[in-house]
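Undergrad: Chains as they are written, first to last, in the working numbering: chain D, 1 to 94; chain L, 1001 to 1306. Have a look at this one.
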Amino acid sequence: AEPHTFHGEKVFRVIPKNEEEVEFIKSLASNTEIDFWFPDSVTQIRPSLHVDFRVEFHQVLDVQSLLAQKGMKYEVLINNLELALEKEFDNNAR
Amino acid sequence: AIGHNYEKYNNWDTIAAWTASIAAENPDLVSRSQIGTTYEGRPMYLLKVGKSGSSKNAVFMDCGFHAREWISPAFCQWFVKEAVNKYGTDNEITSLLNNLDFYILPVVNIDGYVYTWTNNRMWRKTRSKNANSNCIGTDPNRNFDAGWCTVGASNNPCSDTYCGSVPESEKETKALADFIRSKKSTIKAYLTIHSYSQMLLFPYSYKSSLTKDHAELNSISKAAVNQLASLYNTKYTYGSGAATIYLAAGGSDDWAYDLGVKYSFTFELRDTGRYGFALPESQIKATCEETFLAVKYIANHVLNNP
């Protein structure tokens, strides 16, 4: 397979306030390919625990739209993961 | 090793060459052995760091359980460098290496680590094939025999937290566990280095109950994170895994503790989310420096409380 690139992929953070919002994130994960960064998996989400997750480019708009519809506040931790990964190699001695 | 740099992320070939060179350059302090091979056939090198001579109690430390957590192998390399460079000039390090051995496994999940360099930077699991599934890999930190595949783990091979077909189904986790079992009488501490979220955790994670050593482990953690913060004011949270973050079965720290390794800890290194798994190389030095202080504190506690 071709190496995976991360152009346009975003990392989101949400903090579910209650069980209803936890269930919403779980339903989001069941309908979308979400890569959980923290916690490790959907089963570990609980109220007040921040949830960091990566979304592939073609699903970013859907996820943002669904979060907005639900009225859930979210933060974009990483706006373009590919750029973040390029910046990871910032030791110029390479 | 050509191209190796402690302040850069090194690929597996470079790390493997480094294990050979650091052992060759420091024969009185470092020796290299192989504890097994990975699913794809790569050698799993282990470094023993300590003044050679009589047998001593030991601290086992591993890095690179989860392939995408690149800062973790960087720390194991940094630790060995610091130990070697400061031996003979720094009294504390000299005493530690004279009286303890450190077993360092620079990368546990080597196949996964290679895959993050070649195919998918965000890969987490091993690269073993799963029966009756097209999905690849097992989460090595759900693969140990500690409440295996109960809470916080998945029996779906396509999940990133897949627990494997049986405990220690992965060649990598089996090799690690076999080694610790074989040295059970001397290994007094087990440290596993992960990222991210800036935490210092101790058992249990697979159940909510506290260990009989909770008070001592909590006290050590508090002091260790204070040491860590003393350098750059990096804030760590600490506590038992289940209480501090979430229930997660099959972790290596719980397994080691239940085996009898009392001082069992999991580090989650920088940061708290700005970079996540994409921590820039420019932060390797500071991250490793501060983590070194915490590890040194734990090692001193082990030395003084045999």
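Where is the CB? At the ideal position from N, CA and C, for every residue including glycine. Note that the coordinates shown come from a computational prediction; the quantities given were computed from them, not determined experimentally.
From the DSSP output, which residues share a beta bridge with D1101/L?
TA: Its beta-bridge partners are A1058/L.
Undergrad: In whole angstroms, what separates the C-alpha of Y1297/L from that of T1038/L?
TA: Using only the alpha carbons, I get a separation of about 32 Å.
Undergrad: Any beta carbon of chain D sitting closer than 8 Å to that of S1282/L?
TA: Chain D, which has a Cβ nearer than 8 Å to the Cβ of S1282/L, makes this yes.
Undergrad: By the DSSP assignment, the alpha helix (DSSP H) with T1019/L in it spans what residues?
TA: Run containing T1019/L: 1012-1025, per the alpha helix (DSSP H) assignment.
Undergrad: I need the DSSP call for K1285/L, collapsed to helix, strand or coil.
TA: Looking at K1285/L - three-state DSSP - the assignment turns out to be helix.
Undergrad: Would the segment 14-23 of chain D count as touching the segment 1145-1164 of chain L if we require 3 or more Cβ pairs under 8 Å?
TA: The segment 14-23 of chain D, when compared against the segment 1145-1164 of chain L, does not touch it at the 8 Å Cβ threshold.
Undergrad: At 7 Å on the CB atoms, spell out the chain L contacts of P39/D, in chain order.
TA: Going along chain L in sequence order, the residues near P39/D (Cβ under 7 Å) are I1245, Y1246.
Undergrad: If you measure from the beta carbon of D1271/L to each beta carbon in chain D, is any gap under 8 Å?
TA: Output row for D1271/L: interface = no.
Undergrad: When burial is assigned at 16 or more other CB atoms within 10 Å of the CB, is Y1202/L buried or exposed?
TA: One point to set straight first is that residue 1202/L is Phe, not Tyr, in the sequence displayed. Label assigned to F1202/L: buried.
Undergrad: Curious, which full-length beta strand (DSSP E) runs of at least 3 residues does the segment 1132-1190 of chain L contain?
TA: You should have found no qualifying run.
Undergrad: For L67/D, decide whether its Cβ has a neighbour in chain L, counting only Cβ atoms nearer than 8 Å.
TA: It does not; no Cβ of chain L falls within 8 Å.
Undergrad: Going by alpha carbons, who is nearest to S1054/L out of S1072/L, E1168/L, A1001/L, D1101/L?
TA: The shortest Cα separation from S1054/L among S1072/L, E1168/L, A1001/L, D1101/L belongs to D1101/L.
Undergrad: In three-state terms, what does DSSP make of V1049/L?
TA: In the structure shown, V1049/L sits in a strand (DSSP, three-state: E or B).
Undergrad: List the residues of chain L whose Cβ lies closer than 7 Å to the Cβ of N80/D, in chain order.
TA: Residues of chain L passing the Cβ test: none, with the nearest at roughly 11 Å.
Undergrad: Please report how far the alpha carbon of W1233/L lies from the alpha carbon of N1134/L, in whole angstroms.
TA: Rather than Trp, the amino acid found at residue 1233/L in this sequence is Asn. Going from the Cα of N1233/L to the Cα of N1134/L covers about 46 Å.
Undergrad: Which one of D1271/L, I1022/L, F1065/L, A1016/L has the shortest CA to CA distance from T1161/L?
TA: For the residues D1271/L, I1022/L, F1065/L, A1016/L, the minimum Cα distance to T1161/L belongs to F1065/L.
Undergrad: Quick check on A1278/L: buried or exposed, where buried means 16 or more other Cβ atoms within 10 Å of its Cβ?
TA: Classification for A1278/L: buried.
Undergrad: Please classify D52/D: does DSSP put it in a helix, a strand, or coil?
TA: Strand at D52/D.
Undergrad: Would you identify the three-state DSSP class for K1235/L, choosing helix, strand or coil?
TA: K1235/L: coil per DSSP, three-state reduction.
Undergrad: Taking the continuous beta strand (DSSP E) assigned at Q960/L, which residues delimit it?
TA: The first residue shown for chain L is 1001 and the last is 1306, placing residue 960/L beyond what the model contains.
Undergrad: Could you give the distance in angstroms between the alpha-carbon of V1261/L and the alpha-carbon of A1177/L?
TA: If you take the alpha carbons of V1261/L and A1177/L, they lie about 12 Å apart.
Undergrad: Cβ of P3/D less than 8 Å from any chain L Cβ?
TA: Interface residue, yes.
Undergrad: If you count every other CB in all the chains shown that lies within 10 Å of the CB of K1109/L, and 16 or more means buried, which is it?
TA: Correcting the residue identity first, residue 1109/L is Asn in this sequence and not Lys. So N1109/L ends up on the buried side.
Undergrad: By the DSSP assignment, the alpha helix (DSSP H) with Y74/D in it spans what residues?
TA: Note, Y74/D: premise wrong, no alpha helix (DSSP H); beta strand (DSSP E) at 74-78.
Undergrad: Are there 16 or more other CB atoms within 10 angstroms of the CB of Q1227/L, so buried, or fewer, so exposed?
TA: That one is buried.
Undergrad: Would L61/D be called buried (16 or more neighbouring beta carbons within 10 Å of its own) or exposed?
TA: L61/D is exposed by the Cβ-count criterion.
Undergrad: Can you give me, in chain order, the residues of the segment 1109-1130 of chain L that have a beta carbon less than 7 Å from any beta carbon in chain D?
TA: Going along the segment 1109-1130 of chain L in chain order, one finds T1118, N1119, N1120, R1121, M1122 with a Cβ nearer than 7 Å to chain D.
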